[in-house]
Amino acid sequence: MKIEWQNVYRAWLAFLTLQVFGSIFVSYAGFHASQPVIFVGGEPTATSRFFALNQALLGSIRVILMGNFGNETIHLSHLITTSLFSFHFALELFCYKSLITSLYTIVLLILNVTTIIFFKLRHYLIVAEPKTEKRRSGRLIYAKHYMENDVLPHPPETAEIRKLKKRQ
808 MKIEWQNVYR AWLAFLTLQV FGSIFVSYAG FHASQPVIFV GGEPTATSRF
858 FALNQALLGS IRVILMGNFG NETIHLSHLI TTSLFSFHFA LELFCYKSLI
908 TSLYTIVLLI LNVTTIIFFK LRHYLIVAEP KTEKRRSGRL IYAKHYMEND
958 VLPHPPETAE IRKLKKRQ
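With the first letter of the sequence shown counted as 1, position 21 gets the number 828 in the working numbering; the numbers rise by one all the way through.
Quick look at the structure:
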């Protein structure tokens, strides 16, 4: 069974898009039970709004990528955006300590890093098969005018035809 890698990538993008929109919902919904899991202090701050904005941008690029999977420009923008988000998220998590190191934040970071690696390997996994044209069997005719004498019946030779032959 041959794996359709394009469908695998689209399924991964669909999973990540659902996860992104869930993160946006958690950031803006005001769930006091779930926000202490993500943000320091538990209340939505500028960090949570910035987090939601980054997630919304990432989610919209992923939705566009699912629709236009063959577009290399969107793939490049997706890789750049995911890389920048992962780097910023790791800084917020480990250096600035504005996010709580929890299972949710670690899984989110691992998913984004896995996505970067997975999409970098895309060029090696999705190999375009070379297009080969079907060749007609038999002899190809390149210059049909050279064979007109063989194909067409010989016209009777008249005075006009003799003059034309002399000019050539």
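Backbone N, C-alpha and C define an ideal beta-carbon position, used for all residues, glycine too.
As the structure is a computational prediction, the values presented were derived from the model and not from experiment.
Residue range of the alpha helix (DSSP H) that includes residue i
i, result
"F857", "853 to 874"
"F892", "879 to 897"
"F901", "Run containing F901: none; DSSP gives neither H nor E here."
"L820", "812 to 836"
Exposure of residue i, with buried meaning 16 or more beta-carbon neighbours within 10 Å
i, result
"N814", "exposed"
"F858", "buried"
"L825", "exposed"
"Y816", "buried"
"L872", "buried"
"L820", "buried"
Beta-carbon spacing of residue i, residue j below 8 Å
i, j, result
"L918", "T908", "no"
"I802", "S890", "This structure cannot speak to residue 802, because the chain is shown only from 808 to 975."
"K904", "V833", "no"
"W812", "L886", "no"
"N861", "F892", "yes"
"L864", "T888", "yes"
"F828", "G866", "yes"
Which listed residue (the options) has its alpha carbon closest to that of residue i
i, options, result
"I831", "I845, W819, A818, L820", "I845"
"E879", "K927, R969, R856, E967", "K927"
"F894", "W819, I881, I913", "I913"
"R929", "H882, R969, Q862, E967", "H882"
"G835", "F896, E967, S855, W819", "Per the sequence presented here, residue 835 reads as Tyr, with Gly not at that position. When each option's Cα is compared against that of Y835, the closest is S855."
"A853", "L906, K972, I968, W819", "L906"
Assigned secondary structure, residue i (DSSP; H/G/I helix, E/B strand, else coil)
i, result
"L906", "strand"
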